[in-house]
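Undergrad:
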Amino acid sequence: MKKLMNSFLILILILSLSTALKSQEIIKTVRVYNKQVDFNFTGEWQYISTDLYLFNENRFNKMINDLYVPKSKRLKKKAEVVENVLITTTLDGLKNYENIEYPIYNFRVTRDESGKYNTQASSSEVIRIIDNFPISSINNYIGAKVKVDVITSKNKSYLYKLVASQLQNISDLSNPTDAAMQLVGEFGKMMERDAAGKEYHFESTIRLYEEQDFNKRFHSLSIFVFAPSTIYSPSFDTLAISEFITNASNPTISRAVLKKNIRNSSYPFMVTVNYKSKYIPEIPDVVDFETLKIRKAKCENNYQSGLINREIYNQEKLLIEFFEIFAQLKLDVNNYELDYKNKISEDYSRHSFIIMQDLLHLKNFHREILISYTNNPVFENKFRQIYDDFIGKAEIFLEANNKLRDIKYLVNTFMSLEYNTNLTLDSLNREEYLRSLYSVNLPQREKNSNEVKSMNFWISQLENNHFDKIYSPKIDALLSLEINPESYKLALELENSMRNTNCVLCRERVITIIEEFKKSYADYEKQMAFNQLEDLKTATKGTLYEISKKETYISKNLEQNYFDEMPAHIDLIAQDFTALLKDKEELQDLLKKDYYYSELEEIESTFEMIKLISTKLVNGFETICKQEPDLCN
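Just add 9 to the spot in the sequence shown (first one is 1) and you have the numbering used here.
And the structure:
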């Protein structure tokens, strides 16, 4: 009975060991830690990278011997022989690549004569399984699953089935890439080294997007422990690594950092470190239609291939459209400069209009983008600066000469008026804006274009406002004054001030009013001159009365005293007297005429003539009477 019981126990032990070996659960993988940084990864963080670090790989040897070496010599001959320890991983969020199980390590296991196993395990510094791989969504989640399988002489086919299934998965990809072909090569290397009895490490980092630079940032870290299945929850000290990740704004991870902050010597374990990367749009050195055509095709291909998400795709399309407007502006500026240099024409107004349209188009596009995408993280962080930089480059193009510079100022002024609803302008601002709006000679045939109509509208608004605030009060003040030399002086000062204004409407209105004022002042001057002349005529008539009296005396005395013979000195006086009589006759004619309807010049001339002749007569008769007093009595 005792012998029967012993045999039964032995049978149960054999069955138990056999069942355990077939289960493939003797060594299990347990995720004992997962930590993600407190950072808002927005949609622009579209790319992920994952690094794998294996530690304590030498501990596989003890576990294999503890779990797979039968204690009974009778069982050793029938036990499965362990040949490999295979570590694989799968990653979430990689679209079609989610179904692929990546071979990471395939360690060779040998057995000595005593039946003990020697696991030939060595780890790499780090294995980057994927690098800047575009994820399928903007979810802030990256998942990695690590698995360990013990390959024995009895389940060797598992390795071949794994390879076969993964090759099938790769062949099912709708759009295989170079990365998929590299993965096929990795499976080939693993099988080749297995056949040669050598261990295998994953070597080919999967990269789908290598043309761009990326702004990489630490995302999360997980720890997977390889432990016997009999241990439900392996103990693990993660306090130090948690503090390190929490206290660093963007932790820098390396094997040395992990070894320092993760202390565990009981089991092998693998650390998966995930990073997210931003898309950085390419900033072209040359912007022309040929390079933009290539960029547009590349953008479409990248989107269709899943290399960029829809948000990036939309931003790239808008940026390309912006670059096309920029390229057209650059081309038109170059054409203008070439024609100007070669003196193709005397009239460059058409060139000016085209360049003005280009710059307006570019700046309006930029403005609409800012309105639509401000507060959009993808735009704000990566695309906005490119727009701003190229707006700056466009303005530099228009610094080549004064004519181009005037176009730039014209467009800037126009946009300031169009879109600045709270714009407050003083007189100096209005003058400067009008100077700018008038500075560019635009072709007459474009007068009905939207651009010219809009600019004329703003010119009208500015000029009417300027006239109302600056010149209308001055004109009202002038017209309220009496017309006299003082008010005329003010009118001339106002007229002179119009020489420096850029307000054409103001100049036209003020000059019209000043001209009317001048006419009124001319009438005033004529009336004043006429009044002076009349006063002079009245006064001169009194002078003629006195002169006529002396004339009578002189004529009578010459006739009576020198009838027969006239001495020489008297003859000279007589000649002067005769000349004075002719002047008197002329003066009388001047006094008889009515000058009311005469021109100002005639009135002023007559006034001077009357004064002159009157003075001549008075002086002449006084001289005669002084020389010969007897003639005047």
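Just so you know, even glycine gets a beta-carbon here, dropped at the ideal spot from N, CA and C.
Among all the DSSP beta bridges, which residues are the ones paired with His-210?
TA: Within the sequence shown, residue 210 is the residue found at index 201, counting from 1. His-210 pairs with Tyr-114.
Undergrad: Considering just the uninterrupted stretch of the beta strand (DSSP E) at Ala-153, what are its terminal residues?
TA: Reading the sequence shown from its first residue, position 144 is the one you call residue 153. Run containing Ala-153: 153-161, per the beta strand (DSSP E) assignment.
Undergrad: Would you kindly check if the distance between the Cβ of Asp-415 and the Cβ of Val-449 is under 7 Å?
TA: Residue mapping note: residue 449 aligns to position 440 of the sequence shown, counting from 1. Residue mapping note: residue 415 aligns to position 406 of the sequence shown, counting from 1. In contact: Val-449 and Asp-415 (Cβ atoms closer than 7 Å).
Undergrad: Measuring CA to CA, which of Asp-356, Arg-359, His-375 is closest to Phe-332?
TA: Locating residue 332 in the sequence shown gives position 323, counting from the first residue. Here the closest residue by C-alpha is His-375.
Undergrad: Are the stretch 221-238 and the stretch 265-279 touching by the rule of at least three beta carbon pairs closer than 8 Å?
TA: Yes, since at least three Cβ pairs between the stretch 221-238 and the stretch 265-279 fall closer than 8 Å, the two stretches touch.
Undergrad: Pairs of beta-carbons, one from the stretch 378-395 and one from the stretch 434-447, closer than 8 Å: are there three or more?
TA: Segments in contact, no.
Undergrad: For the stretch 93-101 against the stretch 111-120, do three or more pairs of beta-carbon atoms, one drawn from each stretch, fall closer than 8 Å, so that the two count as touching?
TA: Because the criterion of three Cβ pairs below 8 Å is met, the stretch 93-101 and the stretch 111-120 touch.
Undergrad: What separation, rounded to the nearest whole angstrom, lies between the Cα atoms of Thr-549 and Glu-555?
TA: Counted from its first residue, the sequence shown places residue 549 at position 540. Counted from its first residue, the sequence shown places residue 555 at position 546. Rounded to the nearest angstrom, the two C-alpha atoms are 10 Å apart.
Undergrad: Using DSSP bridges, identify the partner residues of Ser-58.
TA: The sequence position of residue 58 within the sequence shown is 49, counting from 1. DSSP output for Ser-58 lists Tyr-284 as bridge partner(s).
Undergrad: What is the rounded straight-line gap between the Cα of Met-618 and the Cα of Pro-494?
TA: Along the sequence shown, one-based indexing puts residue 618 at 609. Along the sequence shown, one-based indexing puts residue 494 at 485. Distance between the alpha carbons of Met-618 and Pro-494 is about 24 Å.
Undergrad: Tell me the DSSP secondary structure of Val-91 in three-state form.
TA: Taking the first residue of the sequence shown as position 1, residue 91 is located at position 82. Residue state, collapsed to three classes: strand.
Undergrad: According to DSSP, is Pro-290 part of a helix, a strand, or is it coil?
TA: Taking the first residue of the sequence shown as 1, we reach residue 290 at position 281. Here Pro-290 sits in coil by DSSP.
Undergrad: Measuring alpha carbon to alpha carbon, tell me which residue in Gly-124, Thr-433, Phe-392 is nearest Asp-75.
TA: Along the sequence shown, read from residue 1 onward, the residue named residue 75 stands at position 66. Comparing Cα-Cα distances from Asp-75 to each of Gly-124, Thr-433, Phe-392, the minimum goes to Gly-124.
Undergrad: Can you tell me which of the three DSSP states Ala-409 falls into?
TA: As a working mapping, residue 409 is identified with position 400 in the sequence shown. Three-state DSSP puts Ala-409 in coil, outside helix and strand.
Undergrad: For Met-297, I'd like the list of residues in its chain whose CB is within less than 7 Å of its CB, leaving aside the five on either flank, ordered along the chain.
TA: By 1-based counting over the sequence shown, the position of residue 297 is 288. The displayed chain sequence assigns Asp, not Met, to residue 297. Contacts found: Ala-336.
Undergrad: Could you please give me the residues that DSSP links to Ser-231 through a beta bridge?
TA: Reading the sequence shown from its first residue, position 222 is the one you call residue 231. Answer by DSSP bridge pairing, in chain order: Asn-43, Thr-281.
Undergrad: Compute the Euclidean distance between the alpha carbons of Met-72 and Leu-248, then round it to the nearest angstrom.
TA: Sequence index remark: in the sequence shown, residue 72 carries index 63 (1-based). Sequence index remark: in the sequence shown, residue 248 carries index 239 (1-based). Near 26 Å, if we compare the C-alpha coordinates of Leu-248 and Met-72.
Undergrad: Can you check whether the CB of Val-282 is closer than 7 Å to the CB of Asp-60?
TA: Residue mapping note: residue 60 aligns to position 51 of the sequence shown, counting from 1. Residue mapping note: residue 282 aligns to position 273 of the sequence shown, counting from 1. Yes, they are a contact pair.
Undergrad: Should Gly-401 go down as buried or exposed, given a rule of 16 or more other Cβ atoms within 10 Å for buried?
TA: As a position in the sequence shown, residue 401 is number 392, starting the count at 1. By the 10 Å Cβ count, Gly-401 comes out exposed.
Undergrad: Report yes if the CB atom of Ile-468 is closer than 7 Å to the CB atom of Ser-436, and no otherwise.
TA: Mapped onto the sequence shown, residue 468 falls at position 459. Mapped onto the sequence shown, residue 436 falls at position 427. No, they are not a contact pair.
Undergrad: Put Phe-362 into one of helix, strand or coil per three-state DSSP.
TA: The residue given as residue 362 occupies position 353 in the sequence shown. In the structure shown, Phe-362 sits in a helix (DSSP, three-state: H, G or I).
Undergrad: Give a single yes or no on whether Glu-574 has its beta carbon closer than 6 Å to a heavy atom of the ligand ATP.
TA: This structure lacks the ligand ATP; in fact it carries no ligand of any kind.
Undergrad: If you follow the beta strand (DSSP E) that Ile-138 is in, where does it begin and where does it stop?
TA: Reading the sequence shown from its first residue, position 129 is the one you call residue 138. It spans 136-143 - the beta strand (DSSP E) in which Ile-138 sits, taken as one unbroken run.
Undergrad: Give every residue of the same chain whose Cβ lies closer than 7 Å to the Cβ of Gly-206, excluding the five residues on either side of it in the sequence, and list them in chain order.
TA: The count along the sequence shown starts at 1 and reaches residue 206 at position 197. Counting only Cβ-Cβ distances below 7 Å, and skipping sequence neighbours, we find Arg-117.
Undergrad: Only counting the same chain, and skipping five residues up and downstream in sequence, which positions put a Cβ closer than 6 Å to that of Glu-219?
TA: Along the sequence shown, read from residue 1 onward, the residue named residue 219 stands at position 210. Since pLDDT at Glu-219 reaches only 49, below the 50 mark, its modelled position is unreliable, and no value is offered.
Undergrad: Could you please give the first and the last residue of the uninterrupted beta strand (DSSP E) stretch that includes Thr-510?
TA: The sequence position of residue 510 within the sequence shown is 501, counting from 1. Per DSSP, Thr-510 belongs to no beta strand (DSSP E) and is neither H nor E.
Undergrad: Going by other Cβ atoms of all chains shown within 10 Å of its Cβ, with 16 needed for buried, is Met-190 buried or exposed?
TA: As a first step, residue 190 is located in the sequence shown; it is residue number 181 there, counting from the start. Exposed.
Undergrad: Measuring straight from C-alpha to C-alpha, what distance separates Ile-353 and Leu-301?
TA: As a first step, residue 353 is located in the sequence shown; it is residue number 344 there, counting from the start. As a first step, residue 301 is located in the sequence shown; it is residue number 292 there, counting from the start. Looking at the two C-alpha atoms, the distance is approximately 30 Å.
Undergrad: Between Ala-583 and the rest of its own chain, which residues show a CB-CB distance below 7 Å, the 5 nearest in sequence each way excluded?
TA: Reading the sequence shown from its first residue, position 574 is the one you call residue 583. Taken in chain order, the residues that qualify are Leu-567, Met-575.
Undergrad: I need the straight-line Cα distance from Arg-226 to Leu-327, nearest angstrom please.
TA: Walking along the sequence shown from the start, residue 226 turns up at place 217. Walking along the sequence shown from the start, residue 327 turns up at place 318. Cα-Cα distance, rounded: 27 Å.
Undergrad: Return the CA-CA distance between Gln-177 and His-210, expressed in angstroms with no decimal places.
TA: To locate residue 177, count along the sequence shown from 1; it is residue 168. To locate residue 210, count along the sequence shown from 1; it is residue 201. Taking the straight line joining both Cα atoms gives about 22 Å.
Undergrad: Helix, strand or coil: which one does DSSP assign to Val-461?
TA: Within the sequence shown, the letter at position 452 stands for residue 461. Of the three classes helix, strand and coil, the one that applies to Val-461 here is helix, per DSSP.
Undergrad: Could you check which residue in Glu-53, Asn-344, Arg-518 has the C-alpha nearest to that of Arg-319?
TA: On the sequence shown, position 310 is the one that residue 319 refers to. Here the closest residue by C-alpha is Glu-53.
Undergrad: What are the boundary residues of the beta strand (DSSP E) that includes Asn-127?
TA: Within the sequence shown, numbered from 1, the residue matching residue 127 stands at position 118. Element bounds for Asn-127: 126-129.
Undergrad: Excluding five sequence neighbours on each side, which residues of the same chain lie with their C-beta closer than 6 Å to the C-beta of Asn-628?
TA: The residue labelled residue 628 in the question sits at position 619 within the sequence shown. The answer is none, since no qualifying residue turns up.
Undergrad: Taking the straight line between their C-alpha atoms, what separation do you get for Phe-196 and Asp-203?
TA: As a first step, residue 196 must be located in the sequence shown, where it is residue number 187. As a first step, residue 203 must be located in the sequence shown, where it is residue number 194. In a straight line, the C-alpha of Phe-196 is about 11 Å away from that of Asp-203.
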